[in-house]
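Colleague: Residue numbering for the sequence shown follows the numbering used here, starting at 55 and increasing by one per position. Note that beta-carbon positions come from the ideal geometry of N, C-alpha and C, so glycine has one too. All of these numbers come straight from a predicted model, not from anything done at the bench.
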Amino acid sequence: MTGWSITWIRGCTLLLMLLGMAASSLPVEGRATAPNRTVLVLHSYHQGYEWTDHQAAGIAKELAASAPNAITIPYHLDWKRFPDASGLERLRALIGHRHPRGTIDAIIATDDAALAFAVDLRREIHGPVPLVHGGVIGASARLLTEGESNVIGVTEAKDIEGTLHMAMAANPGLRRLFILRDHTESGTALDLEIDALAAAGRLPAGLERQILPDLPFARLEERLATLPPDSAVLLGTYATDRDGLVLPPEQFLELMSEKSSAPIYGLQEYLLGRGIAGGSLLSALEHGRAVGAVAAAIVTGRSIASLPAERPESVVRAMDYRQVERHRLDLSRVGPLDRLVNKPFSFLETYRWLVVTVGIVIVVLTVMVLVLSFALRQRRAAEAALLQSNLALSQSRRDLQARLEELTASKEALRERERRMRLVAEASRDIIWTWDIEADRRVLSGRVMELLGVDSLIINSMAAWFDRIHAEDREQAEEALRRHLSGELPEYRTEYRVRHRDGSYLWLYATGKALFDDQGKPVVMAGSYTDITAEKRQQDWLDHLAHFDPLTGLPNRLTLEQHVDRLIADDKASGHARPLALLFLDMDNFKFINDSFGHKAGDELLMALGLRVRRGAGEGPFIARLGGDEFVVVVHGSEAGEPADVAQRLEQALAAPFLVEGQHFFVTCSVGIARYPWDGRCFDDLLQNADTAMYRAKDSGRGRICTFTPDMNRRVVERVRLLSRARLAFDRQSFSLQYQPQVATSDGRIHGFEALIRWTDAELGPVSPDRFIPVCEDSGLIVPLGLWVLETACVEAVGLACRGIGNITMSVNMSAVQLAQNDFVPRVLEVLERTGLPPNRLELEITESQMIGSLDAAIDKLNALRQAGVHIALDDFGTGYSSLTYLRTLPINTLKLDKAFINDVHRRSDARSMVSSISRIAHDLSRSVVAEGVEEPAQWEALSRMGCDLIQGYFVSRPLPADRIDGFLAAWEERRASLPIVSHDDVVVGMSSAGANRQPNGREPG
55 MTGWSITWIR GCTLLLMLLG MAASSLPVEG RATAPNRTVL VLHSYHQGYE WTDHQAAGIA
115 KELAASAPNA ITIPYHLDWK RFPDASGLER LRALIGHRHP RGTIDAIIAT DDAALAFAVD
175 LRREIHGPVP LVHGGVIGAS ARLLTEGESN VIGVTEAKDI EGTLHMAMAA NPGLRRLFIL
235 RDHTESGTAL DLEIDALAAA GRLPAGLERQ ILPDLPFARL EERLATLPPD SAVLLGTYAT
295 DRDGLVLPPE QFLELMSEKS SAPIYGLQEY LLGRGIAGGS LLSALEHGRA VGAVAAAIVT
355 GRSIASLPAE RPESVVRAMD YRQVERHRLD LSRVGPLDRL VNKPFSFLET YRWLVVTVGI
415 VIVVLTVMVL VLSFALRQRR AAEAALLQSN LALSQSRRDL QARLEELTAS KEALRERERR
475 MRLVAEASRD IIWTWDIEAD RRVLSGRVME LLGVDSLIIN SMAAWFDRIH AEDREQAEEA
535 LRRHLSGELP EYRTEYRVRH RDGSYLWLYA TGKALFDDQG KPVVMAGSYT DITAEKRQQD
595 WLDHLAHFDP LTGLPNRLTL EQHVDRLIAD DKASGHARPL ALLFLDMDNF KFINDSFGHK
655 AGDELLMALG LRVRRGAGEG PFIARLGGDE FVVVVHGSEA GEPADVAQRL EQALAAPFLV
715 EGQHFFVTCS VGIARYPWDG RCFDDLLQNA DTAMYRAKDS GRGRICTFTP DMNRRVVERV
775 RLLSRARLAF DRQSFSLQYQ PQVATSDGRI HGFEALIRWT DAELGPVSPD RFIPVCEDSG
835 LIVPLGLWVL ETACVEAVGL ACRGIGNITM SVNMSAVQLA QNDFVPRVLE VLERTGLPPN
895 RLELEITESQ MIGSLDAAID KLNALRQAGV HIALDDFGTG YSSLTYLRTL PINTLKLDKA
955 FINDVHRRSD ARSMVSSISR IAHDLSRSVV AEGVEEPAQW EALSRMGCDL IQGYFVSRPL
1015 PADRIDGFLA AWEERRASLP IVSHDDVVVG MSSAGANRQP NGREPG
C-alpha cells in the first residue's frame, strides 16, 4: 500500500471520528450560580381538567428552560367542581401559614377565579409581589386588577381573523360563511367579535356571512347536509339546542361534522381531530408557555415595566388531514402548519432524517470500502513483486488479512444495526422491550419513565413486571403469555392495568412474539407496550352515558329494564317468585313549571326531586329516571304491603317546598303501582300498567297513590276518547256557560253570578266538568277553553249592566294551568279592556290545590291582578291543605266554604262552631265569606247568624242559561220578601271592627 493512500485513509477516519463526536455531544453552557426564587402558581380548576393541565405544562416547560432557579409551588382552587367561598378561605389560611410574607418572589394565576384569589393574597399577606396572569380575557383582567400595581398578564383571545384567512386559502372559491352557535351569552359574543373585525376591515373580502337558525340537533344536521360547495362553517359555542337537549362540545361536533357538506372551522385546539377542518386555534399549552416566558423574565431579574407590551398569540395553525381530504381542500395554499393530524402514517416522512442519515452513512462506507479495496489491490501487487520468492508465506498473510477485514466489517455492521435499533426505540411513543427467557432478563426502552415513573432497571425481569400488573388482570396476562410460549397462539396480545409509581394505574396494550430454537423451546421474545388509558376512559364514559341519566345520575330506562329482567329471571330460576313492584312517579304540573321558569330551573328541580326520591325510598329499592319528570322505583323481595309504604315515604319526602333560583315550588307526584306477576309477567307490561295506574292517580285529584287494576286500561281508552271529543267540541263551539246566583244574607239582594261551564256531547251525552276539566288540563286545551269562558262571562256581565242590572259581580273559575302561564295577567286585563267590564266587577276563583308549583310566582300574579282592581276568591276552602297561612299571605278578597262544611250546619253544633270560627278569622283579616251548596232554609238562617256574607246553592237557584237570568231576577224580587233575613247586629260571630263595617257583599266601603 502506498504512503499517500494510507495517509488519506487515516485522515478520513479521523474526520469521521470528529464528526461523530460533534454530533453525539451536547454543548454545556456555563451559568452563574443564581439564588433560588419561589413562584406560587395558582390554578382556578382541578388537575385532570384539560385546559388547566395544558396551561400548567406550558408554564413548567418555559420556567424550566428559561429560569432553572425558579421553584414552583402549585395550588388548585378546584373552582369548577367546588365553587365554595369557604374553601377559598381555608386555602388562603393554609398558604398564609406555609408561605408568610417575604417568602414568595412571584405569583402566577391562571383563569379568573385564581386571579381574583391572587389579588386578595397580595393585599392580605404577600404585598405587591409581581403577579402574572393568564387564561383571562382582557376586559375581565382589567376589572379584576383595577388599582393594582406590579401586575402583567397574557390575555386569552381567539384568532377569528387567522382562521377565516386559512379557510379562504384552503378553498379559493369560498363565498359564504355560516356561523354555527347557540343563543347563550358565549354564543352571541362570537357575533360581536366578527362584527368588530368587519368594522375594522379585517375580514376577507367577498365573504358573505349568515347565521344558522336555532334548530333542534336533528334539524341542524339536515341543514348542514345541504350547504352549497362554496360554503364553510365557523363553530362557536353550541351546547344546547332549541328543545333544551344538551350535548358535550366534542360529541356535538362529531355528529355535525359527519353530516355537514361544508368544512367546519373552529377556534379551540381541543376540538382538533374531532370534526373541525382546522383553523388558527387557541392552545392552552402555548398560552401557558407565553405566561411562563413572562414569569421567567421577572424571576431572572427583569421588571414588569421593562417587558414589551405585546405578547405572542397563544394559537397554533393546525388542520385535520381527514377533513381536508373529505372536503377537497388545497392544503398547499394554507401555508406552514404547526400541527397536521389524522394523516396516514408514512415511514419516509416520519423518519426522514433517519433515512437521510442512514443513506449518508452507507455512501460514506461504500466510498471507504472502494478506497480500501483499491489500496488493498495495490498492496497485493507490491507484495507479489517484492516477495515472489515466498509465495506460500504471502498467501497465508493474505488469507489472515482477509479474515481480519471480514471480522472488522461484521463488527461495524453489528454496531450500526445496534445504533439504528436504539434510535427507533427512542423515537417510538411506546415502550419497546426484549426478554431473554432463559435468564429472565428484560431490556426496556422508550417511554418507561414517562409512562410508569420508574427506571427501566427496576423492572428488568418478567417477575418484577408481573408484580406491577393489577391483581384482577394478572391471571389473564399470564395465561395469554403461557399460551403464546406454548405455541397455542401465534402472537402475544392482551390488555391490562399496570401500577404507576404514585400508586395509580394506567391501561397498556401488550404485544409480542417469541423466537424458538430447533427443539421448539422459546429462547427470546420482543414486543411493545402502548398506553391506551385515554381510550379506556372514553369507553367507560360512553358506557356510563348509555346506562345512566346525565342530569340526575340515576340509572336510565335501559338499565332499569335490564335490572327488572334479571330479577324476574332469577325468580324463575329459583322456582318461586318473590314480591316485585314498580312504582311509577310523575310530577304534577311539571310541564307548566318548566315552561314558565325555563329549562334551567326545570333541570335543577328535577335534580332536587331525584335526591328527595332517593332519601324517601331508602336503601333497598332500585331507582331510575325514564326521562322528563318520570321516575320509577323498584321494590323487590319485601312484604306485600311494602310498595305502598315506600310510596307513602316518597309522598312525605316531597311535602316540603323546593327552593330553586329563589322560588319556592310546592311539588306533588302521582304514583302508580304495578306488581309482578299479577299485573304483568315482563318489564314492558309492568311499566305500561304502572304508567296507567299513575294516570288514574292523576285523574283522582293528583298527588295520589293508585295500584293497577285490569279495568284501568278501559279507563285509559275512555280518557283518550274523551280528549278527542273535547277537542272536537271546542272546535265546534259546543261548550256553553250557565250562571248560578250569589245572594247577600243581610238583605237578600243578588250580589253576583258564578259562571259554570257545561258540555253535552252528541255521543257521550252530558259530561260532568269533573271528567273533562282534568283531561283538558293535561292536554293544554284548558288554556284556550278558559280564555273563552272568561271572555263569554265578561260579555254576559256587561250585558246585564246594559239591561239596568248594575253592581253585579261575575265570578269565573281559573285552572292551575292557566295560572302557570307567563302571560296570564296580561290576557285577563286584555279581556277586560276588550269587553268593557270594570275590573272590580270581575272575581277570579282559585282553589287551594292550585298553589302546587311556585307559591311565590302565584302570589305575584294575583297581586298584579288585585292592584288592577280584580277581586280574588279562594274556592273550596277546607278540601285541600286548609292552611291558615293562606288567609294571611294570599291576596284574596273572598273565602268560599266548601259544601262539606254546610251540609250539617243547621243540625250539628260542631259544624256550626267550625263555620263560626272560620268566619270570625276571615272577617278579622278583612275577607268576606261565601257558603256554597245551600239547599234548605234552615241552612240559610244558620249561616246568616254565623256571619256568612253570601249564599250560593239550590236554595237560591240552580245554574241558569243566560236567557233565563232576567226571568229569575224578576221572580227573586217577589220571593225575597219571604226570606228569613237575619240582621247582622244579631250575628253570633265576634266580628272585629274591620268586619263590622263591611258592605253586604263583604268588601270594604267605597
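Quick one: what's got a C-beta closer than 6 Å to V95's C-beta in the same chain, skipping five residues either side?
Modeller: T126, P128, I162, listed in sequence order.
Colleague: Please classify T761: is it buried, with 16 or more other beta-carbons within 10 angstroms of its beta-carbon, or exposed?
Modeller: Buried, since its Cβ has 16 or more Cβ neighbours within 10 Å.
Colleague: So which of M868, A954, M968 has the shortest CA-CA distance to L928?
Modeller: Per the Cα distances, M868.
Colleague: Report buried or exposed for L228, applying the criterion of at least 16 other Cβ atoms within 10 angstroms of its Cβ.
Modeller: L228 is buried by the Cβ-count criterion.
Colleague: Return yes when at least one heavy atom of the ligand FAD lies under 8 Å from the C-beta of S582, else no.
Modeller: Looking for the ligand FAD in the displayed structure turns up nothing, as the structure carries no ligands at all.
Colleague: Going by alpha carbons, who is nearest to H977 out of I956, C1002, K953?
Modeller: Taking only the C-alpha atoms, the option nearest H977 is C1002.
Colleague: Pairing CB atoms from the stretch 236–253 with CB atoms from the stretch 304–316, are three or more of them under 8 Å?
Modeller: Not touching, per the Cβ criterion.
Colleague: Any contact of the stretch 313–329 with the stretch 358–366, i.e. 3+ C-beta pairs under 8 Å?
Modeller: As far as the Cβ criterion goes, the stretch 313–329 does not touch the stretch 358–366, which means the pair count is below three.
Colleague: Do L741 and A751 have their C-beta atoms within less than 9 Å of each other?
Modeller: No, these two residues do not count as a Cβ contact at 9 Å.
Colleague: Do F685 and G664 come within 9 Å of each other at the CB atom, strictly closer than that value?
Modeller: Yes.
Colleague: Taking the straight line between their C-alpha atoms, what separation do you get for R611 and L596?
Modeller: About 16 Å.
Colleague: What are the boundary residues of the alpha helix (DSSP H) that includes K115?
Modeller: Taken as a continuous stretch (DSSP letters only), the alpha helix (DSSP H) holding K115 covers 104–120.
Colleague: Cβ atoms of L234 and I318: under 9 Å apart, would you say?
Modeller: Cβ atoms of I318 and L234: closer than 9 Å.
Colleague: Is the separation between the beta-carbon of H653 and that of T209 shorter than 9 Å?
Modeller: No.
Colleague: Quick check on DSSP: helix, strand or coil for Y99?
Modeller: In this structure, Y99 counts as coil in the three-state DSSP scheme.
Colleague: Does the beta-carbon of K950 have 16 or more other beta-carbons within 10 angstroms, so that it is buried, or is it exposed?
Modeller: That one is buried.
Colleague: Quick one: residues in its chain with C-beta nearer than 7 Å to the C-beta of M75, no 5 flanking neighbours on either side, listed in chain order?
Modeller: With a pLDDT of only 46 at M75, under 50, the local geometry of the prediction cannot be trusted, and the value read off the model is given with reservation. Cβ neighbours of M75 beyond the five flanking positions: none.
Colleague: Quick one: Cα of Y546 to Cα of T565, how far?
Modeller: Distance between the alpha carbons of Y546 and T565: 5 Å.
Colleague: Between the C-alpha atoms of L898 and F807, what's the straight-line distance to the nearest angstrom?
Modeller: Roughly 12 Å between the two C-alpha positions.
Colleague: List the endpoints of the continuous alpha helix (DSSP H) containing N867.
Modeller: Per DSSP, N867 belongs to no alpha helix (DSSP H); it is in the beta strand (DSSP E), 863–867.
Colleague: Just to confirm the assignment, what range does the beta strand (DSSP E) spanning I191 have?
Modeller: From DSSP, I191 is part of no beta strand (DSSP E); its letter is neither H nor E.
Colleague: Three Cβ pairs or more, each shorter than 8 Å: is that satisfied between the stretch 670–680 and the stretch 698–712?
Modeller: Contact holds: three or more Cβ-Cβ distances are below 8 Å.
Colleague: Grab me the residues of E532's own chain with a C-beta within less than 8 Å of its C-beta, minus the 5 sequence neighbours each way, in chain order.
Modeller: These residues qualify, in order along the chain: F520.
Colleague: Quick one: what's got a C-beta closer than 8 Å to H524's C-beta in the same chain, skipping five residues either side?
Modeller: Only Y550, R551, V552, R553, Y559 meet the Cβ criterion.
Colleague: Can you check the stretch 943–1007 for any beta strand (DSSP E) of at least 3 residues that lies completely inside it and give the ranges in chain order?
Modeller: List check, beta strand (DSSP E) in window: 948–951, 982–985.
Colleague: Output the distance between the C-alpha atoms of I836 and I804, rounded to the nearest integer angstrom.
Modeller: I836 and I804: Cα-Cα distance of roughly 30 Å.
Colleague: Which term fits T901, buried or exposed, when burial requires 16 or more other beta carbons within 10 angstroms of its beta carbon?
Modeller: So T901 counts as buried.
Colleague: Quick check: the Cα distance between L402 and L278, rounded to an integer number of angstroms?
Modeller: If I take the Cα positions, the gap works out to 38 Å.
Colleague: In terms of alpha-carbon separation, which member of S540, R457, I827, Q109 lies closest to R343?
Modeller: Measuring from the Cα of R343, the nearest candidate turns out to be Q109.
Colleague: Could you work out which residue in A985, A996, E1027, A1016 is closest to Y1008 when comparing CA atoms only?
Modeller: The option with the nearest alpha carbon to Y1008 is A985.
Colleague: Excluding five sequence neighbours on each side, which residues of the same chain lie with their C-beta closer than 8 Å to the C-beta of T280?
Modeller: Closer than 8 Å at the Cβ level, and outside the excluded window around T280, lie S315.
Colleague: Less than 9 Å between the beta carbons of S98 and A168, yes or no?
Modeller: Cβ atoms of S98 and A168: closer than 9 Å.
Colleague: Quick one: grab the DSSP three-state call for Y37.
Modeller: Residue 37 lies beyond the residue range present for the chain, which begins at 55 and ends at 1060; the question has no answer from this structure.
Colleague: Span of the beta strand (DSSP E) holding H925?
Modeller: Start and end: 925–931.
Colleague: Below 8 Å on the Cβ atoms is my contact criterion, and I expect Y563 with T584 to pass it. Report the Cβ-Cβ distance as a whole number of Å.
Modeller: Yes, they are in contact, since the Cβ atoms of Y563 and T584 sit about 4 Å apart, within 8 Å.
Colleague: Per DSSP, D374 forms a beta bridge with which residues?
Modeller: Bridge partners of D374: V395.
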